[in-house]
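Here the sequence shown stands for residues 1 to 652, where the numbers follow the UniProt record's numbering.
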Amino acid sequence: MAFLDALGVGVSSWSWARRALQGRFRWGGRASSATAWPLGRRRLSIRPGVRATTPWQPRAPSSPPAVATQLRMSVSTRVRPPSERQPLPVVRAETLSGTLQEYEGDAVFVALFTDDVSSPSQTSGNSASATDNSATTATLSPRLTASLGEALAAATAQLLADVEFKPKKGASVVTRFTAVPGVGGSATPAGARIRPRRLALFCLGKEDELNADALNKFANFVAANVKLDKRRGERVGVYVPSIESIDRGGGQGLSARLASQRLTEGILLAAFADDRFRTTSASADSDNGDGAAIAPSPSAPPRPEPSTVQLFGADAEGVRRGACVAEGVILTKELVNAPANVATPQFFADTAADIARNANGTVRCTVLEREDCERLGMGAYLGVAQGSDLPPKFIHLTYTSPENDAAGERKRVCLIGKGVTHDTGGYNLKTAGSMIELMKFDCGGAAACLGTMKAVAALAPPGLELTVVAACCENMISGKAYHPGDILTASNGKTIEVLNTDAEGRLTLADALVYVQRNVKPIHAMVDVATLTGACVVALGNEYSGMWSSHDALAQHIDGASKAVGERVWRMPLAPEYREGLQGKVSDLKNIGGGRFGGAITAALFLQEFVDKQVPWAHLDIAGTVWNDKGSGATGTPTRTLIELVHRVLEA
1 MAFLDALGVG VSSWSWARRA LQGRFRWGGR ASSATAWPLG RRRLSIRPGV
51 RATTPWQPRA PSSPPAVATQ LRMSVSTRVR PPSERQPLPV VRAETLSGTL
101 QEYEGDAVFV ALFTDDVSSP SQTSGNSASA TDNSATTATL SPRLTASLGE
151 ALAAATAQLL ADVEFKPKKG ASVVTRFTAV PGVGGSATPA GARIRPRRLA
201 LFCLGKEDEL NADALNKFAN FVAANVKLDK RRGERVGVYV PSIESIDRGG
251 GQGLSARLAS QRLTEGILLA AFADDRFRTT SASADSDNGD GAAIAPSPSA
301 PPRPEPSTVQ LFGADAEGVR RGACVAEGVI LTKELVNAPA NVATPQFFAD
351 TAADIARNAN GTVRCTVLER EDCERLGMGA YLGVAQGSDL PPKFIHLTYT
401 SPENDAAGER KRVCLIGKGV THDTGGYNLK TAGSMIELMK FDCGGAAACL
451 GTMKAVAALA PPGLELTVVA ACCENMISGK AYHPGDILTA SNGKTIEVLN
501 TDAEGRLTLA DALVYVQRNV KPIHAMVDVA TLTGACVVAL GNEYSGMWSS
551 HDALAQHIDG ASKAVGERVW RMPLAPEYRE GLQGKVSDLK NIGGGRFGGA
601 ITAALFLQEF VDKQVPWAHL DIAGTVWNDK GSGATGTPTR TLIELVHRVL
651 EA
């Protein structure tokens, strides 16, 4: 005791220390839930909230002060309701009666192939007279001439010659007509009348090389020119020569149905503008001087009517499918674009419930609360979530095909999305230049999975059981947040040393992967999607998503699906040489590898530790492709790839 007194440690302090070593100390006047072992067994007391070898017992979250709660909720911005937003066009498949020059709509968009147009120099030859009219106009193919009509074809040929149009992939021209007899000069028969006010031409390239990328570019061209006219309620016609006979594209085959689907998707997505957080106009929404938006007055102009896009010769089922896919991608974009004070874990849970509610009974929705996850031992996921005042939401959606097929005959596809609705980096705080202001897009994986579920539920494919899981939470800093150096225990019992709190996504995915494999059997394909690593962006840039897979057939399905829809994926190695860097000294695993390099690979290897060997599994890192600063923000990637993947797994 004298020795302790000399060190400045009183009896009361020593008594407290002795009780602490025996596991009998108290925090804040309450008995602690910490677990302690005798020092002779060389085990240290583990603080509440981190499980060692005993069942995971998280520290009870303290209720934030009422003022703090009110402040957090008051920063929500006003979200314009759907009735005030820019309407999407209505796309319809229709049969062209007559010719395009007789079309009663406002504009006609025509897709050309390289062989549909010959320039004057190609048709006149060296012997052509300078005064010969045929030498000064382009020549159109018979099928294009028959579709346009004689008067419109003559005017088009003259226009292409005047602008020296070169029929190369991506070339385009737009012109306006005056609807009077005789348009087109001497080449137009007397009394002919061109009804559409505008004509737009776009070259798709060679017909036998047509692919989804070319159709997407044409669709963007259509949507951009309708949008640039600044009017709504227009009726425009879109014509692709011989869409009924298209049989090549993307190396996988592009049928008339698929071409119609891709065109519809492209037009709707290009026309989409996320204006939920913008005021309609200076007169409708104004500022009251303190930065708060004022709701539009009751006298604000009514919502404009949407434009109608008529696809001539298109497949009606293909158009329907395209509209379903576009709605799923738009949901993904809206979730990623929404700020973190709007798209909270609860917001994601509400969105999932809405998907189930509108799915005609084919989708079930379950949301696990913090207490449910505690009972399941999800220490990795809850370790990330414990720093936020907003409770985590573990979302589980299941689509079951509506027909009464035997359950064993269904293909079971599982999609798991990273749902960190805002990532500060935790105590390994993201610094300047780390895009912390854009970390709302860290929910991109969960958003893509929910968008896929919405589209699949609308498509209602037979013979399918689709599971979507999103472990949603925030990665925040607070007195409750996990620390660098903490040891967490995942629901499969593996312990993880947290060397970096900014490598949180893999922790949430670990418990989600275990959960799916325990609840779905057998699994025919399991894919996790995450904005996981900056290392993937360094390796592949902003055009390619990284793919890692333990199953070659699944990897081929994903690669083919991405090419078919125009999204880019590149397969990366699950290099066993890098696995050693994840092995812990005081735990089973570390949440980051041993060095600066190969971070995207070690992240995938970490996830593989939570996947059974017999399960066909793939990991998509979309950190570089989820966002586009030059465009409208969220890209919607890889929703279309996932939807196409589901289709391919069903057909396999």
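The beta carbon of each residue, even a glycine, is placed where N, CA and C say it ideally should be.
Beta-carbon gap between residue i and residue j smaller than 8 angstroms
| i | j | result |
| --- | --- | --- |
| L607 | L459 | no |
| R455 | Y399 | The residue asked about is misnamed: residue 455 is Ala in this sequence, not Arg. No, these two residues do not count as a Cβ contact at 8 angstroms. |
| E567 | T637 | yes |
| V649 | K411 | yes |
| I416 | V309 | no |
| A219 | G266 | yes |
| T489 | T495 | yes |
| P167 | V240 | no |
| P89 | A271 | yes |
| L215 | L112 | no |
| S562 | W617 | no |
| L397 | A356 | yes |
| V79 | F221 | no |
| D486 | V498 | yes |
| K440 | A343 | yes |
| L620 | M526 | no |
| A93 | R197 | no |
| R193 | Q261 | no |
| G599 | A555 | no |
| G361 | S401 | no |
| P391 | R370 | yes |
| G105 | G233 | no |
| R518 | D275 | no |
| C373 | V520 | no |
Interface flag, residue i vs chain B, CB-CB below 8 angstroms
| i | result |
| --- | --- |
| R375 | No chain B appears in the structure shown, which is made up of a single protein chain. |
Of the listed residues the options, nearest to residue i (C-alpha basis)
| i | options | result |
| --- | --- | --- |
| A634 | V516, P616, D442 | D442 |
| F597 | A349, G170, E94, L582 | L582 |
| D208 | A555, H422, D115, A432 | D115 |
| L199 | N220, T175, A212, T279 | T175 |
| A553 | K630, G593, E651 | E651 |
| Y103 | L160, R235, F165 | R235 |
| R195 | G485, V173, L152 | L152 |
| I119 | P82, V514, A343, E164 | Looking at the sequence provided, one finds Ser at residue 119 rather than Ile. Comparing Cα-Cα distances from S119 to each of P82, V514, A343, E164, the minimum goes to E164. |
| K613 | G560, T639, I523 | I523 |
| P82 | F202, R92, A273, T145 | A273 |
| F312 | L368, L148, K521 | L148 |
| A353 | T362, C414, T366, P345 | T366 |
| R645 | V173, P461, A314, D275 | In the sequence on display, residue 645 carries Leu and not Arg. Considering only alpha carbons, the answer is P461. |
| E577 | L605, K585, D559 | L605 |
| D511 | K630, E150, L368, S97 | L368 |
| P87 | S307, T264, F177 | S307 |
| D389 | G479, D275, D372 | G479 |
| T145 | T99, A171, G170, E374 | T99 |
Supposed contact pair residue j and residue i - C-beta distance, whole angstroms, cut 8 angstroms
| i | j | result |
| --- | --- | --- |
| C472 | K393 | 5 angstroms |
| T452 | L268 | Incorrect: roughly 16 angstroms between the Cβ atoms, too far for contact. |
| N475 | G425 | 7 angstroms |
| T421 | A340 | 5 angstroms |
| S545 | I622 | 5 angstroms |
| K418 | A349 | At roughly 16 angstroms, the Cβ-Cβ gap does not stay under 8 angstroms, so K418 and A349 are not in contact. |
| G447 | L335 | Note that residue 447 is Ala in the sequence shown, not Gly. A447 to L335, Cβ: 4 angstroms. Contact. |
| I592 | A503 | 5 angstroms |
| N542 | G624 | 5 angstroms |
| T639 | G318 | Rounded, the Cβ-Cβ distance is 18 angstroms, inconsistent with contact. |
| W627 | L438 | 7 angstroms |
| L210 | L160 | Between L160 and L210 the Cβ distance is about 21 angstroms, and since that is not below 8 angstroms, they are no contact. |
| F109 | F202 | 7 angstroms |
| V91 | A385 | About 41 angstroms; that fails the 8 angstroms criterion. |
| I477 | L429 | 7 angstroms |
The ligand NAD heavy atom lying under 7 angstroms from the CB of residue i
| i | result |
| --- | --- |
| C203 | Judged by which ligands are present, the structure shown has none, so any question about the ligand NAD falls away. |
Exercise. Entirely within the region 326-394 and at least 4 residues each: give me those alpha helix (DSSP H) ranges in chain order.
Key: 345-357, 370-375, 379-385
Practice problem: Taking only runs that begin and end inside the region 444-498, name each unbroken beta strand (DSSP E) of 3 or more residues, in chain order. | Solution: 464-475, 487-489, 495-497
Exercise. Tell me the start and end of each unbroken beta strand (DSSP E) in the region 486-572 that is at least 3 residues and wholly inside, in chain order.
Key: 487-489, 495-497, 525-530, 545-549, 569-571
Quiz item: Along the chain, which unbroken stretches of the alpha helix (DSSP H) at least 4 residues long are found entirely within the region 576-643?
Solution: Complete alpha helix (DSSP H) runs here, min 4: 599-608.
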